[in-house]
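Quick notes on the structure that follows.
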Amino acid sequence: MAAIADMDYLREAPAERLPPPAMPGGIFGWLRKNLFSSPGNIALTLICILFIAWIVPPLIRFLVLDAVWSGNDRQACLASPALLEPGACWAFIRVWWSYFVYGFYPIGARWRVDLFFLALAFGIAWLAWLSAPRRDIGAVYFFIVLPVLSYVLLSGAPLIGLATVSTSLWGGILVTIVVATVGIVVALPLGILLALGRRSHMPVTRLSSITFIEFVRGVPLITVLFMASVMLPLFVPERYAPDKLVRALIGVALFASAYMAEVVRGGLAAVPRGQYEAAQALGLPYWRMMALVILPQALRVTLPNIVNTFIGLFKDTTLVFVVGIFDFLRTIEAARVDPKWATPNTSVSGYAVAALFYFICCYGMSRYARNVELRLARRRR
Amino acid sequence: MDNRPGEPRADAVKTELAVEIVALHKWYGDFHVLRDINLTVARGERIVICGPSGGGKSTLLRCINRLEDWQRGRIVVDGIELTDDPKHIVAVRRDVGMVFQHFNLFPHLTVLENCTLAPIWVRSMPKKDAEELAMRFLARVKIPEQAQKYPARLSGGQQQRVAIARALCMNPNIMLFDEPTSALDPEMVKEVLDTMVELAADGITMLVVSHEMGFARQVANRIILMDDGQFVEINEPKAFFDHPQHERTRLFLQQVLR
Chain P
3 MAAIADMDYL
13 REAPAERLPP
23 PAMPGGIFGW
33 LRKNLFSSPG
43 NIALTLICIL
53 FIAWIVPPLI
63 RFLVLDAVWS
73 GNDRQACLAS
83 PALLEPGACW
93 AFIRVWWSYF
103 VYGFYPIGAR
113 WRVDLFFLAL
123 AFGIAWLAWL
133 SAPRRDIGAV
143 YFFIVLPVLS
153 YVLLSGAPLI
163 GLATVSTSLW
173 GGILVTIVVA
183 TVGIVVALPL
193 GILLALGRRS
203 HMPVTRLSSI
213 TFIEFVRGVP
223 LITVLFMASV
233 MLPLFVPERY
243 APDKLVRALI
253 GVALFASAYM
263 AEVVRGGLAA
273 VPRGQYEAAQ
283 ALGLPYWRMM
293 ALVILPQALR
303 VTLPNIVNTF
313 IGLFKDTTLV
323 FVVGIFDFLR
333 TIEAARVDPK
343 WATPNTSVSG
353 YAVAALFYFI
363 CCYGMSRYAR
373 NVELRLARRR
383 R
Chain G
6 MDNRPGEPRA
16 DAVKTELAVE
26 IVALHKWYGD
36 FHVLRDINLT
46 VARGERIVIC
56 GPSGGGKSTL
66 LRCINRLEDW
76 QRGRIVVDGI
86 ELTDDPKHIV
96 AVRRDVGMVF
106 QHFNLFPHLT
116 VLENCTLAPI
126 WVRSMPKKDA
136 EELAMRFLAR
146 VKIPEQAQKY
156 PARLSGGQQQ
166 RVAIARALCM
176 NPNIMLFDEP
186 TSALDPEMVK
196 EVLDTMVELA
206 ADGITMLVVS
216 HEMGFARQVA
226 NRIILMDDGQ
236 FVEINEPKAF
246 FDHPQHERTR
256 LFLQQVLR
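Chains as they are written, first to last, in the numbering used here: chain P, 3 to 383; chain G, 6 to 263.
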């Protein structure tokens, strides 16, 4: 008769709401569940631990424990009775560091570069900090004030007493940052325009966009750079041809914008048709619909890909060396053959610093993008 | 309040017509989706279009604010002829509100921002005024307390009411409803229909594609049965339900009123 009693059930009191149970088995339970749950997983865990044990201690020994931190020439970094197996030669980096940062920028004018770094960092912080006050002014500062200020500072303006510094003297981190920043700042808007052009209903606009994107994407960056620096003077008289660095900047920016266009197009395709229709039905004209409704959603969806493109671009800036521009990596490349510092570890130390620099910059971008993603995801829920 | 104007007078002056559709034809490729549609809608009239799916109801509605293009015939909305001229199209869209089956709220904006977007950017209204206006309409659809939330936090019925408020914020003369309740859970259909009934009482011109026959009976001045790209029958609600003239209408009513 129990079955029948179950059928006409009527709840008399609500079931109690309980907190979730505590983690069963404590820390050992967690270990067993996550690391050692099956023979396959045990093997995997052990292999990973062995691998870490194999890689990390020698690395720390080389980079930190046995590293040479100070000295005036190669003698400091060579093996000696006191230091049988010397590690990284940081003394070399310390001596050459200002060259890595400024290149051949005149020593007396290097404060201008420092000021530029400061002004740039300020602008990036203003825009990147999402709850900063008056980000609209921040945008004006970043996109209008900063470029002019940077140009005056770095290139010089004899009118106000800043001596002209030819771009052939620029080098190191300065050049890397300038190329990457200009590339990123130009690539995003240009990429958006190209992506919109590619989806346009107007045949000429669409065809031009497709041609540009496909052509630039189908050619290696090195070729674009060579073309920008070698072929441009063929079309423009040498006298009016832009500066070598500017040519490389144009090449990098165009190259990156073609990639950005495809990334943005992916985002645009992810915005449902109904969003366009709702915006149109409200009477929003094309550009406002794009700026206020479609692009905010498209860019949000594709943010990881955009940052991925930025990171790729940042590392691609190292290629400007092929047209004779001394970016950060090229300055290290030039310094490591200095006979005064010729030791077995000099090159490795230089490359380690380069790797660290690029890693910090790219990982920073990646982390920041991740934060923005999480923040947006929270807001939409 | 509910004085039915009935059939629009034959001698109606042009400005008294909200919508005028003359000999409209539309093809999707080879498929003739709208066939010789003629309709005049008087100001303040409320029309419900029903019929089997694939019959061209939504397509017709979407032609009225030019979300869909057509190949032959003409549509005049509020005295503005819809041509390829983007100025005319935008002018008509500012004047015609639309509510979609799937709400189509902007997910990246709050409920309030959804409502103020068009007044600010199309009507150039100051932000503060737009927000006041939006709050008034949100209060009218009975969800002012949700103004700061994002649409994804709202139930389907609430979202659809926000969509109605968003359209009303543009102060439209004509409202188009494209199956406004068919994507809703049964529990939420009533709250949306109630909102629409209240709206109807205010005398706004409404064209509604819907299968809610109770709503049609209560609110419509005329009901249109559309099938296979044509109007099969147009009649006042009482006659439409009690004495359907066309065999197709009888069949349809049998199906939906069971």
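Heads up, the beta-carbon is just placed ideally off N, CA and C, and yes, glycines get one too.
Using a Cβ cut-off of 8 Å (strictly closer), state whether residue i contacts chain G.
i: VAL295(P); result: yes
i: GLU375(P); result: no
i: PRO191(P); result: no
i: ALA371(P); result: no
i: ARG380(P); result: no
i: ARG302(P); result: yes
i: MET9(P); result: no
Would residue i be called buried (16 or more neighbouring beta carbons within 10 Å of its own) or exposed?
i: PHE36(G); result: exposed
i: GLU252(G); result: exposed
i: GLN164(G); result: buried
i: LEU20(P); result: exposed
i: HIS203(P); result: exposed
i: ASP10(P); result: exposed
i: PRO10(G); result: Because the pLDDT at PRO10(G) is just 42, under 50, the model does not fix this residue reliably, and the point stays unresolved.
i: GLN151(G); result: buried
i: MET180(G); result: buried
i: GLY352(P); result: buried
i: TRP71(P); result: exposed
i: MET25(P); result: exposed
i: TRP289(P); result: exposed
i: TYR104(P); result: buried
i: ARG196(G); result: The question names Arg, but residue 196(G) in the sequence shown is Glu. Counting Cβ neighbours within 10 Å, GLU196(G) comes out buried, since at least 16 surround it.
Using a Cβ-Cβ distance under 8 Å, would residue i count as near chain P?
i: ALA107(G); result: The identity of residue 107(G) in the sequence shown is His, whereas the question assumes Ala. So yes, HIS107(G) belongs to the interface.
i: ARG99(G); result: yes
i: MET130(G); result: no
i: VAL53(G); result: no
i: ALA2(G); result: The first residue shown for chain G is 6 and the last is 263, placing residue 2(G) beyond what the model contains.
i: ALA135(G); result: no
i: LEU44(G); result: no
i: LEU72(G); result: yes
i: VAL127(G); result: yes
i: VAL24(G); result: no
i: ALA123(G); result: yes
i: MET201(G); result: no
i: MET211(G); result: no
i: MET103(G); result: yes
Who are the Cβ neighbours of residue i in its own chain at under 7 Å, not counting the five residues just before and after it?
i: ILE228(G); result: VAL53, CYS55, ALA221, ASN240, PRO242, PHE245
i: ALA197(P); result: ALA263, VAL266, ARG267, LEU270
i: SER160(G); result: MET193
i: THR178(P); result: THR319, ASP329, PHE330
i: ALA189(P); result: ALA255, ALA258, SER259, MET262, LEU315
i: LEU321(P); result: LEU223, ILE224, LEU227
Does chain B have any CB closer than 8 Å to the CB of residue i?
i: HIS113(G); result: Looking for chain B here will not work: the only protein chains present are P and G.
Taking 8 Å as the limit between beta carbons, can you name the residues of its chain near residue i, skipping five residues before and five after?
i: SER210(P); result: GLY199
i: GLY60(G); result: MET231, ASP232, ASP233, GLY234
i: GLU118(G); result: PHE111
i: HIS93(G); result: ILE85, GLU86, LEU87
i: ILE296(P); result: LEU270, VAL273, GLN277, TYR278, ALA281
i: LYS132(G); result: THR121, ILE125
i: GLY163(P); result: none
With a threshold of 6 Å on Cβ separation, who are the neighbours of residue i within its own chain once the five nearest residues in sequence on each side are excluded?
i: CYS146(G); result: The residue you asked about is not Cys; residue 146(G) is Val in the sequence shown. Contacts found: ARG166, ILE169, ALA170, THR200.
i: THR348(P); result: CYS91, PHE94, ARG338
i: ARG114(P); result: LEU155
Taking any Cβ of chain G, which residues in the region 145-159 of chain P have a Cβ under 7 Å from it, in chain order?
none
| Chain-ordered residues of the region 273-298 of chain P with a beta carbon less than 7 Å from chain G | GLY276, GLN277, GLU279, ALA280, GLN282, ALA283, LEU284, GLY285, LEU286, PRO287, ARG290, LEU294, VAL295, PRO298
* Asked: Which runs of the beta strand (DSSP E) spanning at least 3 residues fall entirely within the region 158-195 of chain G, listed in chain order?
  -> 179-183
field: Where the region 171-199 of chain G meets chain P: residues whose CB sits under 7 Å from a CB there
entry: MET175
Practice problem: Output the residue ranges of the alpha helix (DSSP H) runs that lie fully inside the region 38-67 of chain P and measure 4 residues or longer, sorted by chain position. | Solution: 41-62
Could you name each continuous alpha helix (DSSP H) segment of 4 residues or more that falls completely within the region 218-248 of chain G, going from the start of the chain to the end? 218-224, 242-247
Checklist line | Within the region 83-163 of chain G, ranges of the alpha helix (DSSP H) (whole runs, at least 4 residues) | finding: 91-100, 116-126, 132-145
With 9 Å as the C-beta to C-beta threshold (strictly closer), list the residues of the region 85-96 of chain G near chain P in chain order. PRO91, ILE94, VAL95, ALA96
* Asked: Which runs of the alpha helix (DSSP H) fall wholly inside the region 226-299 of chain P and span at least 4 residues, in chain order?
  -> 234-237, 246-272, 275-283, 288-291
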